[in-house]
Amino acid sequence: MSSALEAREEVVSGEMLLEVEGLTKYFKSDTGLLSGLFGSDLVEAVDDVSFDLQKGETLALVGESGCGKSTLARTILQLIEPTAGSVRFKGVELTESSNRKLRPLRRDMQMIFQDPQSSLNPRMKVGRIVEEPMKAHDMYDAAKRRERARDLLERVELERGYYNRYPHEFSGGQRQRINLARAMATDPDLIVCDEPVSALDVSVQAQVLNTMRELQEEFGLTYLVISHDLSVVRYIADRVAVMYLGHIVELAEKEELFENPKHPYTEALLGAIPVPDPREANARGTLEGDVPSPIDPPSGCRFRTRCPKLIRPGSADLEGIELPEEASEAALSEYEMSEAEWENTLAFTRGVRRRSFTIQEGGIDQEESVPLSEAEAVVDREFFEGTRPGGEPDRVIDEATAMLAEGQWQEAAERLRRTFEETSICALDRPHYTVESVYGTGEHFTACHLHRE
Amino acid sequence: MSETILTVDGLKTQFYTERGAVRAVDGVSFDVKRGEIVGLVGESGAGKSVTTSSIMRLVEEPGEVIDGEVSYRDRTLVGFEESVAEAADGRPELVPRDEMLSNREMREQIRGNEIAIIFQDPMESLNPVYTVGGQIREFIELNREMSTEEAREESIEMLRRVGIPEAEDRYDDYPHEFSGGMRQRVLIAMALGCRPNLIIADEPTTALDVTVEGQILELVSELVDEFDTSFIWVTHDMGVVAEICDRVNVMYLGKIVEQGPVDDIFHDTKHPYTEALLGSIPRPDQTVSDLVPIEGTMPGAMNPPPGCRFHPRCPDAREACREVEPELYDVGPEHRSACIKHADVGYWESEPLEGRETETVEGRP
Chain A
18 MSSALEAREE VVSGEMLLEV EGLTKYFKSD TGLLSGLFGS DLVEAVDDVS
68 FDLQKGETLA LVGESGCGKS TLARTILQLI EPTAGSVRFK GVELTESSNR
118 KLRPLRRDMQ MIFQDPQSSL NPRMKVGRIV EEPMKAHDMY DAAKRRERAR
168 DLLERVELER GYYNRYPHEF SGGQRQRINL ARAMATDPDL IVCDEPVSAL
218 DVSVQAQVLN TMRELQEEFG LTYLVISHDL SVVRYIADRV AVMYLGHIVE
268 LAEKEELFEN PKHPYTEALL GAIPVPDPRE ANARGTLEGD VPSPIDPPSG
318 CRFRTRCPKL IRPGSADLEG IELPEEASEA ALSEYEMSEA EWENTLAFTR
368 GVRRRSFTIQ EGGIDQEESV PLSEAEAVVD REFFEGTRPG GEPDRVIDEA
418 TAMLAEGQWQ EAAERLRRTF EETSICALDR PHYTVESVYG TGEHFTACHL
468 HRE
Chain B
454 MSETILTVDG LKTQFYTERG AVRAVDGVSF DVKRGEIVGL VGESGAGKSV
504 TTSSIMRLVE EPGEVIDGEV SYRDRTLVGF EESVAEAADG RPELVPRDEM
554 LSNREMREQI RGNEIAIIFQ DPMESLNPVY TVGGQIREFI ELNREMSTEE
604 AREESIEMLR RVGIPEAEDR YDDYPHEFSG GMRQRVLIAM ALGCRPNLII
654 ADEPTTALDV TVEGQILELV SELVDEFDTS FIWVTHDMGV VAEICDRVNV
704 MYLGKIVEQG PVDDIFHDTK HPYTEALLGS IPRPDQTVSD LVPIEGTMPG
754 AMNPPPGCRF HPRCPDAREA CREVEPELYD VGPEHRSACI KHADVGYWES
804 EPLEGRETET VEGRP
């Protein structure tokens, strides 16, 4: 391993700058006094994430709120201590380095934040704000720092004369430029940008994004951009990693990811973005339900509880996957059914879990029981419409319907879940595949069992 | 053609500050038909939210609606007449007309049961110490004169309709137990539960994730089909506008600069600001190699530029734009644009502006 000092030497454009492997961060959900007594739950914010970043490129981490993208970025920068895994920056293992050893390296890793208002000290003049990181790292003498701060302001398309002004005198877009200038002050290799333009007005977003691009070209910067806005990502990223509940579910070059998405979550996410063209409208295919809790998240593929393409139990080749008792090959072979039958069965399973329908007419109190025939009629009308699987699945659906008639929704949901969801390959194994790229030549990683050969 | 239910004509709202009056809304006119979604689009500071609060008569001190007419069906929400007494400067003073509804009438007859409003921040609109279900129930009880039990059933039904899982169980939860997306859905359930004819939605999906936003947009289209509810949809997101709006009003610095059917706004764009706005947004459906940002920032509404308010940032600005204040000119069926290019007032004869001002360092008022 090279030392931190050597690492200050330049990494050439196109070479590996950052390698993240198996990075994991679990938080304790409860740090209170009694948590030690009762034990506390683990929040699996980031779980076994790997990717790498080449000098000069822009990688975007996208995902919805709570998917762990910000935690991941902070864990990479060692602002949060990882639970497991490795982060190598310019060949140096960060997770094992002491703070003192990390310090010179921090110069090369900077960060800008979402809110340009609260990330600038209102009592400091712009010049001092930009000089601060240089001072912290003992770079240059005072005169040189002042000169450099003025240069930087010019570089981010502000004026040298703004040096003596206070942050409140500037608009949101200008403040974000000041943040950029500060991040550039130590001449870093990597800048982590956490939602860099999402607090800005649309017309100003473009100004800041263009400045970021120009700076990248001029200084060979590497960006790790965290964003929930896929339009922005499509504009500035070279490669895109999609996160869902602490996992990277898909990673590919930009064009490939947007034009040839392979993970059902990516597809749903892309389908949900409103396109600014009324003739293209109605693209939204909506995803059901909400993101599950990161405490005790779903096994296997974490998206499976909402996935419209959950794989029917028994239909995938399970070679090399350890099976729990209820999912033995013999048991699974009885789940033979058509595509339509499986779709209805899945909708029923999820409908019961979400209680998206009622058994009795205008009924509110679901604890009361109703005649079995009535419950059966409702279930058939709402979900099966004549297309209902036979055999073992039919028997389980009957059982669940009987439970619903008795008002036992939770028991019914549990029965259905164990039979139809937990036995799918999606629940049994965490997917990990590489598929051929159609656009470009880069690697296309997708975490979906649909791509199992 | 369906009935026009809301007409806004020449609405003006000012805020009085120590440094002078801010003309936040300066002569805004548009209308809303039954079962229609009308967009109010613009960047922050354009005056979108002040317009909606003025319609609902929710503008508070130091703000005041000073001129214009807002009528909802046969009732006058805002209306003025010249007073008999003259003001100090010799010009007649405007005073509210008799038929303008009193605050009490607004509260009892309009807000909630006729026109409902959904705000951007759901946490501020829900009371943290009451259960979610209780708040919806009370709202429905008051506005639809239902018994408590009926209102409770209706609330649960509405919660289910907006996609809250396990609606009966969640009825007794408190707002903090709901995620942001769910809280926003609760507000929509609340607004819908009262069966208003018009819902004013002020950036209701801006703080939400795209998949949740998709769910809500889907729900809104269903509701328009089912109940013929009208919407005024306030947003800065051109994607959302394209997705759900029938007609669009583009606002800039307190004025409407272009209004028309959604397809015209996007495909037969007339006003340079609308054009610049569309050119500056990154697209999710295609890779754009270079975005053209709009130069500078929106000036404060305290001292708006003379003539056309967009001229200091407008790529097409000429000398005449500095002098002539544009009106909304007809440029097509139901399509109007406030740019003097469309009128015979000397635009084409005047010289292009040289050395336009760039970014101004000025805090917002």
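Top to bottom, those sequences are chains A and B. Anchor point for the first sequence: position 31 equals 48 in my numbering, and the numbering is continuous, going up by one each time. Anchor point for the second sequence: position 179 equals 632 in my numbering, and the numbering is continuous, going up by one each time. In this text, a Cβ means the ideal position worked out from N, Cα and C, and glycines have one as well.
Cβ pair residue i, residue j closer than 8 Å
i             : j             : result
residue 216/A : residue 127/A : no
residue 203/A : residue 124/A : yes
residue 312/A : residue 60/A  : yes
residue 690/B : residue 572/B : no
residue 271/A : residue 296/A : no
residue 233/A : residue 190/A : no
residue 633/B : residue 604/B : no
residue 800/B : residue 763/B : no
residue 320/A : residue 361/A : no
residue 370/A : residue 434/A : yes
residue 592/B : residue 516/B : no
residue 466/A : residue 452/A : no
Within-8 Å CB hit, residue i to chain A
i             : result
residue 587/B : no
residue 734/B : yes
residue 640/B : no
residue 693/B : yes
residue 689/B : yes
residue 519/B : no
residue 719/B : yes
residue 601/B : no
residue 791/B : no
residue 769/B : no
residue 730/B : yes
residue 500/B : no
residue 628/B : no
Per-residue burial, residue i [other beta carbons within 10 Å of its own, 16 or more giving buried]
i             : result
residue 201/A : buried
residue 465/B : buried
residue 458/A : exposed
residue 756/B : exposed
residue 470/B : exposed
residue 160/A : exposed
residue 553/B : buried
residue 135/A : exposed
residue 439/A : buried
residue 184/A : buried
residue 198/A : buried
residue 258/A : buried
residue 96/A  : exposed
Closer than 8 Å to chain B by CB, residue i
i             : result
residue 372/A : yes
residue 110/A : no
residue 295/A : yes
residue 207/A : no
residue 252/A : yes
residue 277/A : no
residue 309/A : no
residue 272/A : yes
residue 291/A : yes
residue 218/A : yes
Under the three-state DSSP convention, the category residue i falls into
i             : result
residue 801/B : coil
residue 244/A : strand
residue 461/A : strand
residue 697/B : helix
residue 456/A : coil
residue 405/A : coil
residue 43/A  : strand
residue 815/B : Summary for residue 815/B: the model assigns pLDDT 40, below 50, so the residue's position carries little reliability; its value from the coordinates is reported in the next sentence. Note: residue 815/B maps to coil in three-state DSSP.
residue 440/A : coil
residue 645/B : helix
residue 466/A : helix
residue 210/A : strand
residue 745/B : coil
*What residues in the segment 224–253 of chain A bring their beta carbon closer than 7 Å to a beta carbon of chain E?*
Among the chains of the structure shown, chain E does not appear; the protein chains present are A and B.
*For the segment 598–639 of chain B, list the alpha helix (DSSP H) runs that are entirely contained and at least 4 residues long, ordered along the chain.*
601–614 and 620–623
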